[in-house]
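Number of protein chains: 2
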Amino acid sequence: MAYDLYYWPMIPGRGEYPRLVLEAAGVVYRDVARLPESEGGGIRAMQAFMAGSGSRRLPFAPPFLVDGDIVVSQAAEICAYVGERHRLAPAGEADRLFARAIALTTADFVAEAHDVHHPLGVGLYYEDQTEAALVRAQGFREERIPKFLGWYERLLAGNASGSAYLVGGTMTYADLGLFQTMSGLRYAFPRRMATLEADYPGIAALVGRVAVQPAVAAYLASERRMAFNEDGIFRNYPELDAE
Amino acid sequence: MAYDLYYWPMIPGRGEYPRLVLEAAGVVYRDVARLPESEGGGIRAMQAFMAGSGSRRLPFAPPFLVDGDIVVSQAAEICAYVGERHRLAPAGEADRLFARAIALTTADFVAEAHDVHHPLGVGLYYEDQTEAALVRAQGFREERIPKFLGWYERLLAGNASGSAYLVGGTMTYADLGLFQTMSGLRYAFPRRMATLEADYPGIAALVGRVAVQPAVAAYLASERRMAFNEDGIFRNYPELDAE
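Residue numbers (the working numbering), protein chains in the order written: chain A, 86 to 328; chain B, 86 to 328.
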């Protein structure tokens, strides 16, 4: 069984969340929009699917994952789908549902990170909303980042299994999501994160542990791993960063 | 088995999404923060739970649902949890997962509706970001509402069961979510919706059908149903509306 993942090929963006889970699980998948058109790939293949070429179950937006008749969209839902099938989810229903809540909350955090540079709307260029972005970025840096990171840190401290993962006794897709989000925050807000990170030692340790997990480490060192850039969710605009 | 739902008692907000599913399912639940403190309710009970009084599985934010050891947070996840247990979800895994994607996409739509009046951040008053809200509202009215509604309309037209519901052959929590969102949009953007709605006859018909479903109709006529107001997600600020 091979999965087809669809996402914009030029940015890690929200597609990187399910991609990391697929890689950590070591499962076979096609990254369709990054394949050549001669192999059925490219953006046009993705857009054709969204227009109905592959299923009546239309995704609203990428990323989406196709697994036979099944079309899973929304990054957190894809992560849960893959994680639960490939030993990257907690055992037990209560922890399994809690992992879903964590991943969905991470998706909200990511949406806020995006809106920092597009507070007035996705239809406008960043350059046309820089003043508004300066205001939004201040609240994000000073209130929202600490609020989210404080919550993750409390989860790590309160995990009943003592595993130092967010939920349950082993690494799950929820941890991979936090890893990717921390990577993005460090890229986009290096000065702020340098100041903040000492307050969240559990998160820093988790990020380090995820990065050296063999399948993750191999992926991060591969050409499949995309660098962050200024077309994506996490953008390094120095004017939006501060200690 | 009785569920405990927790959400801010003064607004329908995101809590109304799971509340509608609980009501449509006809299940017993306590709306904890709306109960008197003498019955273990009130905002303080909700905040105590979020601080760890009830579970190590801490929700990041309301709404959340407590069902014994299980704590489900994120509005769409609660809707799926209740819907799948009480015949308000599609049969079959592919449709079941598609309903989840629809509910999560609706949650994104709701977040955008909120950000129309808070584009610069949740830490600032509306009155301090009115100019930015005017810009964001225009894009929301002219681009985002049609994009989301167009997607729902296509789902209704493409439903293989011919049921005129979003997915599968019967009403599901995905339909209830669209109903609530349309109610909010009509409240917040009456002029825009009056202009737009004729373009989406399938949605209008669905909303009407949901409203007369007996359990839903009884709930809507009850005192439990809260009116929209200007502290919530959907706010009627006339300056943000236009044809």
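Cβ coordinates follow ideal geometry from the N, Cα and C atoms, glycine included.
Amino acids of chain A, ordered along the chain, whose beta-carbon sits closer than 7 Å to that of residue i
i: residue 154 (chain B); result: 179
i: residue 196 (chain B); result: 196
i: residue 185 (chain B); result: 162
i: residue 217 (chain B); result: 204, 205 and 217
Close beta carbons around residue i, own chain, < 8 Å, minus the five adjacent residues each side
i: residue 89 (chain A); result: 114, 115, 117, 150, 151 and 152
i: residue 125 (chain B); result: 117
i: residue 298 (chain A); result: 109 and 256
i: residue 167 (chain A); result: 88, 103, 106, 107, 110, 112, 150, 173 and 258
i: residue 251 (chain A); result: 184, 187, 237, 240, 241, 244, 257, 259, 260, 263 and 291
The alpha helix (DSSP H) enclosing residue i, as first and last residue numbers
i: residue 207 (chain A); result: Unbroken run through residue 207 (chain A): none, as it is neither H nor E.
i: residue 166 (chain B); result: 160–170
i: residue 149 (chain B); result: First-last for residue 149 (chain B): 149–152, but that is the beta strand (DSSP E), not the alpha helix (DSSP H).
i: residue 291 (chain B); result: 286–296
i: residue 281 (chain B); result: 275–281
i: residue 325 (chain A); result: That residue, residue 325 (chain A), is in no alpha helix (DSSP H); it is neither H nor E in DSSP.
i: residue 135 (chain B); result: 128–135
i: residue 106 (chain B); result: 101–110
i: residue 223 (chain B); result: 215–224
i: residue 113 (chain A); result: Looking at the DSSP string, residue 113 (chain A) is not in any alpha helix (DSSP H), and its letter there is neither H nor E.
i: residue 237 (chain B); result: 230–243
i: residue 97 (chain A); result: Taken as a continuous stretch (DSSP letters only), residue 97 (chain A) belongs to no alpha helix (DSSP H), as it is neither H nor E.
i: residue 299 (chain B); result: 299–305
Residues near residue i by beta carbon distance below 6 Å, same chain, minus five either side
i: residue 311 (chain B); result: 97
i: residue 46 (chain A); result: Outside the shown range of chain A (86 to 328) lies residue 46 (chain A), about which nothing can therefore be said.
i: residue 233 (chain A); result: 194
i: residue 158 (chain A); result: 144 and 149
i: residue 267 (chain A); result: 292
i: residue 170 (chain B); result: none
i: residue 285 (chain B); result: 234 and 238
i: residue 99 (chain B); result: 148 and 160
i: residue 217 (chain A); result: 204 and 205
Residue-level contact to chain B via CB, residue i, 8 Å cutoff
i: residue 189 (chain A); result: yes
i: residue 200 (chain A); result: yes
i: residue 144 (chain A); result: yes
i: residue 182 (chain A); result: yes
i: residue 312 (chain A); result: no
i: residue 226 (chain A); result: no
i: residue 162 (chain A); result: yes
i: residue 235 (chain A); result: no
i: residue 117 (chain A); result: no
i: residue 221 (chain A); result: yes
i: residue 208 (chain A); result: yes
Residue-chain proximity (residue i, chain A), Cβ-Cβ < 8 Å
i: residue 159 (chain B); result: yes
i: residue 205 (chain B); result: yes
i: residue 289 (chain B); result: no
i: residue 243 (chain B); result: yes
i: residue 328 (chain B); result: no
i: residue 293 (chain B); result: no
i: residue 141 (chain B); result: yes
Nonlocal neighbours in the same chain, by C-beta distance under 7 Å from residue i, ignoring five residues either side
i: residue 35 (chain A); result: Past the edges of chain A, shown from 86 to 328, lies residue 35 (chain A), and the structure says nothing about it.
i: residue 199 (chain B); result: 318
i: residue 274 (chain A); result: 226 and 326
i: residue 295 (chain B); result: 256, 260, 261, 264 and 301
i: residue 142 (chain B); result: 156
i: residue 272 (chain B); result: 313, 319 and 321
Closer than 8 Å at the beta carbon, the chain A residues around residue i
i: residue 238 (chain B); result: Near residue 238 (chain B) there are no residues of chain A at all, since even the closest Cβ is about 11 Å away, more than 8 Å.
i: residue 212 (chain B); result: Per Cβ cutoff of 8 Å: no residues; residue 212 (chain B) is ~14 Å from chain A at best.
Start and end residues, beta strand (DSSP E) containing residue i
i: residue 119 (chain B); result: It is not in any beta strand (DSSP E) - residue 119 (chain B) carries neither H nor E in the DSSP assignment.
i: residue 90 (chain A); result: 88–91
Under 8 Å by beta carbon: chain B residues contacting residue i
i: residue 127 (chain A); result: Those do not exist, as residue 127 (chain A) stays about 23 Å from chain B at its closest Cβ, beyond 8 Å.
i: residue 99 (chain A); result: Simply none; closest approach about 11 Å.
Any non-hydrogen atom of the ligand GTP within 7 Å of residue i CB
i: residue 293 (chain B); result: With respect to the ligand GTP, the structure offers nothing, as it holds no ligand at all.
Amino acids of chain A, ordered along the chain, whose beta-carbon sits closer than 9 Å to that of residue i
i: residue 137 (chain B); result: 239 and 243
**Members of the stretch 261–288 of chain B near chain A, C-beta cut-off 7 Å** = none
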